[in-house]
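Numbering (full-length UniProt numbering), first residue to last: 1 to 475. Reading through the structure tokens given below for one structure.
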Amino acid sequence: MAGIKGGVTDVYQKILAHDADALLDKMNGISFVVDPDRQDAITRGTLSNDDFDGEMDDASYHIESIEEKGLPIDPINAYNHMAIYLRWCMEHDLMGEEFLKEYGEVAKQVKADPASVDLREFIQNELDGCLFFVLFDQRGRAFAGNYYGGGDSPYYPADVDDNALRFFGPERYHSNEFQDEAYLFIPFDEDYYQAMAKVIEERFTNWQGQDFDEDTLEPSELAEALMEYLDCECTYFPSMKDDDPIMSAYSYAKRESVKEGFVPVLIKADDETLLECLVMNADPKNDADIYEFDLKTVTEYRKKMLSTSFKDGKAVLQELTGQRKEEAEDDDMDWDEEILGEMEGGYENNRFSCYWDSDTDMTYPLILAKIPVKNPWEIFAYLPFGNWNDCPDTPQLMAAAKYWFEQHGAVPVAMSHDELEFLLPVPVPKEKAVDSVVELYSFCPDVIDQGPEDATVGALADVLRQSTVWYLWWD
């Protein structure tokens, strides 16, 4: 995959340039974040030392960036993230026998009193400024090969950049202040270590328990057709037990999207009805098999949708709300009592649902598409999945999504042919929750009408006020 421009991740693209090129060449515009050959907790016992005889990291690359850009920081900062990783491995007993023979006392001192040892100087003076796979034991080498050395998702250098984004905030992180090297400016203190240690721990836990559906390691004909239809950079994910690689890849893509100019979206890969809906809207005169759509016609449809003005989102939702009230009246339902109800019985929802298979407790095969548009609501020009039953058409989808982005920062993240999930930076305030759900209900009545018997606007509002994920579903 193409590397992030600047930042610690870009440094590793220099180190692993040939690997990234090979990955991009696997398929035309398609990459695989989850490499079937990556070593996991199951295969690690079969590895020999020869499998990990290379370099993980070299501070000279980071120092070169400091010098070339004239960054006003001490060059020792180039070792910060390396020292954090080394300390975590020492504390979790992942160091190799040879390393412990030579530096066992250092490891003991780090575990007893980490503040007493500056591992940056240790790496600089004792390890020639580098981290090597052979420093670790069998399990440590396998984990490092998976997380630090592969370039896939999850990926330690990318997590370091993500941490810098959280630390400085989007505005400062993406400004010219750090010249794309924000990770070098984070103070090297216990807070930095604990923040990254939490992330590394999550990645390690996922790695130990991860499993894949071998039948989905390669994309199906349908998945390939869907990626051909999208005609943009796509990453395919097989079915897996833990969605950590998926969500980490989405997080990395979201960070780089600010400068690269795209909106990342997770799409159910083996959803034939989705492809049918997309072709139905973008290539309506197509009488052939849905796999034989005319990409030129599809492209023209996208241009038209992106250049055509659409109604104000609030006006669209108000109009739909009027329709829902009329439907309730026709069905002899009391709007206030039976539709609105009380705000109670809610729960927190911060996890996506549409890509999970409840029968297997694994994810469905997924596509992470980098839709080449500027604004999140514009993705529906590429993904016009509606215009059937109560599912809104493309202009309505774009209008509502624009309104929700401007009101709440809501961004469409995951979808299938009948599901759409938004991610918000923070939950909707309690005082706005009912009004927000009335709008959601007007836009997607099935989220309540097809829900539990006691489903009401108020009950859903009690969910929204606690949640950063909105789930919409049309029957």
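Don't be surprised by glycine CBs; every beta carbon is placed ideally from N, CA and C. Keep in mind the model is a prediction, meaning the values are calculated, not measured.
Query                                                                                                                                                                                              : Result
What's the gap between the Cα of residue 380 and the Cα of residue 352?                                                                                                                            : 19 Å
Would you tell me roughly how many angstroms separate the C-alpha atoms of residue 390 and residue 356, rounded to the nearest one?                                                                : 24 Å
Leaving aside the five residues before and after residue 483 along the sequence, list all residues of the same chain whose C-beta is less than 6 Å from its C-beta, in chain order.                : Within the shown structure, residues of the chain are numbered from 1 to 475, placing residue 483 beyond reach of any answer.
Based on the DSSP secondary-structure assignment, which residues constitute the bridge partners of residue 470?                                                                                    : 422
Using 8 Å for Cβ pairs, my map puts residue 263 next to residue 341. What's the rounded Cβ distance?                                                                                               : In fact, because the Cβ distance is near 35 Å, the residues do not count as touching under 8 Å.
Quick one: any contact between the stretch 384-401 and the stretch 231-239, if contact means 3 or more CB pairs under 8 Å?                                                                         : no
Which same chain residues end up closer than 6 Å to residue 336 when comparing Cβ atoms and leaving out the 5 residues on each side of it in sequence?                                             : none
Are there 16 or more other CB atoms within 10 angstroms of the CB of residue 28, so buried, or fewer, so exposed?                                                                                  : The predicted position of residue 28 is uncertain, since its pLDDT is 36 and thus under 50; no value can be drawn from it.
Whether or not the stretch 150-159 and the stretch 96-116 are in contact is what I'm after, with contact meaning three or more pairs of Cβ atoms, one per stretch, closer than 8 Å; do they touch? : no
What ranges does the beta strand (DSSP E) occupy inside the UniProt domain "DUF7832" (56-174), keeping only unbroken runs of at least 3 residues that lie completely in it?                        : 130-132
Please check the pair residue 313 and residue 402, which I expect to be a contact at CB under 8 Å, by giving their CB distance rounded to whole angstroms.                                         : 5 Å
Do three or more CB pairs link the stretch 360-374 to the stretch 238-253 at distances below 8 Å?                                                                                                  : yes
What is the rounded straight-line gap between the Cα of residue 370 and the Cα of residue 227?                                                                                                     : 11 Å
Give the DSSP bridge partners of residue 268, in chain order.                                                                                                                                      : 366
On the three-pair Cβ rule with 8 Å, is the stretch 319-330 touching the stretch 214-228?                                                                                                           : no
DSSP on residue 44, reduced to helix/strand/coil?                                                                                                                                                  : Note that residue 44 scores a pLDDT of 34, beneath 50, so its modelled location is shaky; the value from the coordinates is reported in the next line. In this structure, residue 44 counts as helix in the three-state DSSP scheme.
Please report how far the alpha carbon of residue 277 lies from the alpha carbon of residue 284, in whole angstroms.                                                                               : 10 Å
Hey, would you say residue 479 sits closer than 8 Å to residue 244, going by beta carbons?                                                                                                         : The structure shown does not extend to residue 479, since the chain is modelled only from 1 to 475, so the question has no answer here.
How many angstroms separate the CA atom of residue 346 from the CA atom of residue 73?                                                                                                             : 49 Å
For the stretch 89-106 against the stretch 50-69, are there 3 or more C-beta pairs whose distance is under 8 Å?                                                                                    : no
Could you check whether residue 448 and residue 460 sit closer than 8 Å to each other, using their CB atoms as the reference points?                                                               : yes
Cα-Cα, which of 143, 318, 191, 399 is closest to residue 208?                                                                                                                                      : 143
Looking at C-alpha atoms only, which residue of 98, 246, 250 is the closest neighbour of residue 134?                                                                                              : 98
Given a threshold of 16 other Cβ atoms within 10 Å of its Cβ, counted over all protein chains shown, does residue 288 qualify as buried or as exposed?                                             : exposed
Hey, quick one: how far does the alpha helix (DSSP H) through residue 395 stretch, first residue to last?                                                                                          : 394-408
Could you give the C-beta distance for residue 85 and residue 124, rounded to a whole number, given that I count them as a contact under 8 Å?                                                      : Incorrect: roughly 15 Å between the Cβ atoms, too far for contact.
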